[in-house]
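For reference, the structure is listed below as structure tokens.
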Amino acid sequence: NFADNVDHLRIVTGSGAGSDQPRRNVEVSNNIFADTAYYGSRKPTSLILEGVSDVRVYNNTFYNKQGSGKRILRLRNLSNTELLNNIFHNGEVEVQKSYVLDIHAEHNAWSNIAGKFDSSLKGHRDLNMNKPGLNESNWVPLSSSPVVDAGTPLGLNSDFYGSAIKGAGPDIGAVENGSQPNTGTTTDIPDVYQPEDLQADREQTESQTERTTSRSESSSKETPVSNTASNIGTGSFSISIRSPSEIFGVVSVDVDVSHPEQVKKVKLYANGDKIGGDITWPFRFNLDTSPYRGRLHLRAVVFKGEKEILKNTWVRVVDETSANDIYVDEPEVSGELASSDEVSSADESGEILVDIISPAKWVSGTVKIGVNVNHPDRVSRVKLYANGDKIGADLKWPFNFRLDTSPYRGRLHLRAVAFEGKKETLENTWIYVRK
1 NFADNVDHLR IVTGSGAGSD QPRRNVEVSN NIFADTAYYG SRKPTSLILE GVSDVRVYNN
61 TFYNKQGSGK RILRLRNLSN TELLNNIFHN GEVEVQKSYV LDIHAEHNAW SNIAGKFDSS
121 LKGHRDLNMN KPGLNESNWV PLSSSPVVDA GTPLGLNSDF YGSAIKGAGP DIGAVENGSQ
181 PNTGTTTDIP DVYQPEDLQA DREQTESQTE RTTSRSESSS KETPVSNTAS NIGTGSFSIS
241 IRSPSEIFGV VSVDVDVSHP EQVKKVKLYA NGDKIGGDIT WPFRFNLDTS PYRGRLHLRA
301 VVFKGEKEIL KNTWVRVVDE TSANDIYVDE PEVSGELASS DEVSSADESG EILVDIISPA
361 KWVSGTVKIG VNVNHPDRVS RVKLYANGDK IGADLKWPFN FRLDTSPYRG RLHLRAVAFE
421 GKKETLENTW IYVRK
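Residue numbers (UniProt numbering): 1 to 435.
Quick look at the structure:
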């Protein structure tokens, strides 16, 4: 981590797109770049990324308390760049547009940006404000700050101070609301149970634990349910995702809620892929882990009245074969949407939101890709692109596409464009193609 007066952190490989230097896999996360402008005898701080590829800039805070708002970030000679969950305040973000390829920027917070703002950095889930609402002495978001719970899950477990990621979603920036600097604790109870909480939960739900493990024992190393994420609060509406912590094959995943009579529907996603929906208690899903390996992100979406409540947790997929054999090429496996699929949004502004639904992160052959929108009645058509190649257009809900992956290999960028009148809404994601 880098806090306050980092002198031009540079991550550089080679001299440009044609360099013989090796490509690099770079992640910059949970850092604070403070007071980047020139003033007095202080040196500027900024992040410079140049001549590298596969770059991930996650949950950082770029913040000028004083000075004239000089550069806080420079991007040059890059490809496959992700900027997610970052705060940018009172500075200039420089992009060498003709040499920066394939930027995915989303869920960032922007305020008082100097100079020309490159359109490639704009995401339709961004926050634009006068100030992000931080305690400027320690960078902790105030409870009223719009950055709280406004990020997207990226697999980070803790913030700049080592405090647990909590709430309905991660906060945007390097520090979580409620984080205690230098203590690694939070003022609120984190989403992940402590061991004593797990033991108490097991005692209270013994019958349900036996039910889940009996369905999973052939494919989860016969371990008891040990991975539980829950909201804890007296009298509050709580959600738990129950799964063995290490899984393989097909396993049963339960989503428990404290008041099932208030719930209309529950959906489960794995690494962003829709696993299914359930409208009756108990809410149970069969998860085929064969397309995945290693750390797997699970998200439950609970529809309670007009609200959507999210719960996130992580499990680990352990495969009996070599990791290179994990891929999806069965034609019946798809991300296709059915006409009966429900779409809804917690966004009260009426903004069009778009999701790309793929059968898995690793694919092969011809696969079906669905594009979900929260207001399909307002969308006249949707187009899908793969690495810039137009795959097709669909004029009618549900929006589905057949993607032939044979021309591609490795990391594949998917972009969906939804048309509402003259307005275009973009969504980006990445999958991986295995020959």
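Every residue gets a Cβ at the ideal spot worked out from N, C-alpha and C, and that includes glycine.
For residue i versus residue j, is the C-beta spacing smaller than 8 Å?
i, j, result
"L154", "N85", "yes"
"V317", "I247", "yes"
"G277", "K265", "yes"
"I357", "E427", "no"
"N387", "L412", "yes"
"N80", "V100", "no"
"N108", "I32", "no"
"L298", "S243", "yes"
"K396", "N271", "no"
"V255", "A300", "yes"
"P146", "G162", "no"
"V26", "V52", "yes"
"N112", "N135", "no"
Report the rounded CA-to-CA distance for residue i versus residue j, giving the unit in angstroms.
i, j, result
"residue 436", "R125", "For residue 436 there is no data in the structure shown, the boundaries of the chain being 1 and 435."
"P262", "E50", "What sits at residue 262 in the sequence shown is Gln, not Pro. Cα to Cα, Q262 sits roughly 51 Å from E50."
"W281", "Y269", "18 Å"
"K390", "I431", "16 Å"
"L287", "L384", "27 Å"
"T313", "S144", "25 Å"
"A418", "N374", "11 Å"
"S226", "S252", "The pLDDT assigned to S226 is 31, lower than 50, so where the model puts this residue is not dependable; a value taken from the coordinates is nonetheless given after this. The straight-line gap from Cα to Cα measures roughly 13 Å."
"N177", "T405", "42 Å"
"L121", "T61", "16 Å"
"S322", "R293", "With a pLDDT of only 31 at S322, under 50, the local geometry of the prediction cannot be trusted, and the value read off the model is given with reservation. Roughly 10 Å between the two C-alpha positions."
"R409", "K131", "42 Å"
"G370", "A393", "12 Å"
"A34", "L73", "12 Å"
"V433", "E82", "19 Å"
"P260", "S380", "36 Å"
"E106", "P181", "27 Å"
"P190", "P407", "For P190, the pLDDT reaches just 28, beneath the cut-off of 50, and the residue's location in the model is therefore unreliable, leaving the point undetermined."
"P359", "Y63", "39 Å"
"T425", "E308", "22 Å"
"T213", "K70", "Here T213 scores only 32 on pLDDT, less than 50, and its place in the model is too uncertain to base an answer on."
"V315", "R284", "16 Å"
"D159", "G169", "13 Å"
Closest to residue i by C-alpha separation, out of the options, would be which residue?
i, options, result
"G167", "S358, K311, S364", "K311"
"Y58", "E420, E308, G151, L287", "G151"
"R378", "G91, D389, E420, Y385", "E420"
"S290", "N108, V363, W281, K390", "V363"
"R295", "L395, N157, K97", "N157"
"V93", "K396, L75, S240", "L75"
"K368", "P132, S53, D273, P146", "D273"
"S258", "S240, G249, V250", "S240"
"K65", "S53, E82, F88", "F88"
"K423", "Y161, F399, I352", "I352"
"I103", "V433, R415, T425, R434", "R415"
"V148", "I165, E82, E136, A105", "I165"
"T429", "V175, S179, G123, F160", "G123"
"G305", "F237, V382, I48", "F237"
"L403", "P376, V382, T425, G365", "G365"
"N78", "D159, G91, Q96, Y63", "Inspection of the sequence shows that residue 78 is occupied by Leu rather than by Asn. Measuring from the Cα of L78, the nearest candidate turns out to be Q96."
"A174", "V382, P376, N30, R71", "N30"
According to DSSP, what are the bridge partners of residue i?
i, result
"I369", "F401"
"Y161", "According to DSSP, which records beta bridges pairwise, Y161 is partnered with nothing at all."
"I431", "L412"
"R109", "Note that residue 109 is Ala in the sequence shown, not Arg. Note: A109 sits in a beta bridge opposite I87, L127."
"F303", "K265, E308"
"residue 440", "The first residue shown for the chain is 1 and the last is 435, placing residue 440 beyond what the model contains."
"W314", "H297"
"K390", "Y385"
"N135", "V140"
"F285", "V253"
"T280", "For T280, which the question treats as bridged, DSSP gives no partner whatsoever."
"F117", "In DSSP, F117 forms no bridge with anything."
"K274", "Y269"
"E424", "F419"
"V95", "L75"
"R56", "E27, E82"
"D355", "N372"
Check whether chain B comes within 8 Å of residue i, counting only Cβ atoms and requiring the distance to be less than that.
i, result
"G169", "Here there is only one protein chain, and chain B is not present."
Segment contact, 8 Å Cβ cut-off, at least three pairs: the segment 113–122 with the segment 136–156
no
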